[in-house]
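Chemist: Once you've had a glance at the structure underneath, I'll fire off some questions.
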Amino acid sequence: MADGLLKQQIAQLEWMISTPELMAFADEFTLPTDQAEEFHDCSQRTLDRLKAGHIAPPSVSPSLRLGFQFEGLLHWLLNHDPNYQIISYNQQIHDQQRTIGAVDFVLRYLPSNEVQHWEAAVKFYLAIDVNGERVYLGANANDSLSRKHQHLCSHQLTLLKQPQAQGLLQQLAIGIDRSVAFSRGMVFYHEHYPPTDHPQLNKQHLHGAWYFAHQAPLNLRYFDKPQWLQATPSLVLDTPPRLPCRAINTQGQHCIVVPDHWPTKKEP
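Under the numbering used here, think of the first position of the sequence shown as 8, with each following residue one higher.
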């Protein structure tokens, strides 16, 4: 593996392991605290072994589709965790000829023999007030925190309870004891839309800053999308290749710059 790619993967794994949950869920969709801490500690040991050259790196290529990259890195961590057995990964569920969804991970937690269904999500949202209501939108304004959270709770995390999934469970000879969300990411705040508590956000989520293009500070250094899963980008540019674009300032704060007409699709 090229040295640059390995360094990038190490940086991405460091970010995944050190970053708190982005979203907050009811207890039924949350990993117990002791298991979450155990997974964190084991993941850190796995990363240390990778840095020492004792294990093979992830076979995950850089991608503009951050969700696939994120899931691949999480799969690698779980595969090296002695507490988990991976039963299935990215398993599609069909209703006759129609795909109704995909299940990210089905795992056996070996200390208790519990079978767990994990759904992974990595998201980056901008906070803005619309008609007096706080909303959290993706950089392209097509995605939102509320839609993603609802989709996770009402569809993705309950997919294995649907009649169409029972054949798969019978084939695997398992039942699901717990479904949990594993979320990472960041919320970017504007000076006019400061942080405020939100029931769908973990109170310890990562914060960044966002700017309209005409407000962007001169000291920003920009970086491309495969590096969004890193605390410190390995390659930065003086000017944004396109907007929206992620950036970092001289204090190490992560930022995002959007067109002046954002969140509308086109400049008026």
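Note that the Cβ used here is the ideal one computed from N, Cα and C, for glycine as well. What you are looking at is a predicted structure, and each value in this text was computed from that prediction instead of being measured.
Hey, could you find the ends of the alpha helix (DSSP H) D10 is sitting in?
Modeler: Residue 10 sits at position 3 when you count from the first residue of the sequence shown. From DSSP, the alpha helix (DSSP H) with D10 extends over 10-25.
Chemist: So within the stretch 173-251, which uninterrupted alpha helix (DSSP H) runs reach at least 4 residues, ignoring any that extend past its ends?
Modeler: Those alpha helix (DSSP H) runs which fall completely within the stretch 173-251 and span 4+ residues are 173-179.
Chemist: Restricting to Cα atoms, I'd like to know which of L20, D231, L225, A220 is closest to D267.
Modeler: Start at 1 with the first residue of the sequence shown, and residue 267 comes out as number 260. Comparing Cα positions, the closest option is A220.
Chemist: Here's the rule: buried if 16 or more other CB atoms are within 10 angstroms of the residue's CB, otherwise exposed. What is F75?
Modeler: In the sequence shown, residue 75 corresponds to position 68, counting from 1. Exposed: under 16 other Cβ atoms inside 10 Å.
Chemist: Determine which residues share a DSSP beta bridge with C262 and list them.
Modeler: Counting from 1 along the sequence shown, the entry for residue 262 is found at position 255. Bridge partners of C262: A216, A254.
Chemist: When burial is assigned at 16 or more other CB atoms within 10 Å of the CB, is E198 buried or exposed?
Modeler: Locating residue 198 in the sequence shown gives position 191, where the first residue counts as 1. E198 should be labelled exposed.
Chemist: Mapping DSSP to helix, strand and coil, what is H124?
Modeler: Translated into the one-based positions of the sequence shown, residue 124 becomes position 117. Strand, per DSSP.
Chemist: Is it buried or exposed for H130, if we count other Cβ within 10 angstroms and need 16 for buried?
Modeler: If you number the sequence shown from 1, residue 130 lands on position 123. In the sequence on display, residue 130 carries Lys and not His. So K130 counts as buried.
Chemist: Look at the alpha carbon of S119 and the alpha carbon of V243, and state the distance between them as a whole number of angstroms.
Modeler: Position 112 of the sequence shown, counted from the start, is the residue given in the question as residue 119. Position 236 of the sequence shown, counted from the start, is the residue given in the question as residue 243. Looking at the two C-alpha atoms, the distance is approximately 46 Å.
Chemist: Distance check for A148 and N226, CA to CA, integer angstroms please.
Modeler: Here residue 226 refers to the residue found at position 219 of the sequence shown. Here residue 148 refers to the residue found at position 141 of the sequence shown. Each residue's Cα considered, the two are about 26 Å apart.
Chemist: Can you round the beta-carbon distance between F112 and L73 to whole angstroms, since I take them to be within the 8 Å contact cut?
Modeler: Position 105 of the sequence shown, counting from 1, holds the residue named residue 112. Position 66 of the sequence shown, counting from 1, holds the residue named residue 73. Rounded, the Cβ-Cβ distance is 17 Å, inconsistent with contact.
Chemist: Which word fits S66, buried or exposed, when buried means at least 16 other C-beta atoms lie within 10 angstroms of its C-beta?
Modeler: Taking the sequence shown and counting its residues from 1, the one referred to as residue 66 is at position 59. Burial call: exposed.
Chemist: Is the separation between the beta-carbon of K58 and that of I17 shorter than 8 Å?
Modeler: Taking the first residue of the sequence shown as position 1, residue 58 is located at position 51. Taking the first residue of the sequence shown as position 1, residue 17 is located at position 10. Going by C-beta atoms, K58 is nearer than 8 Å to I17.
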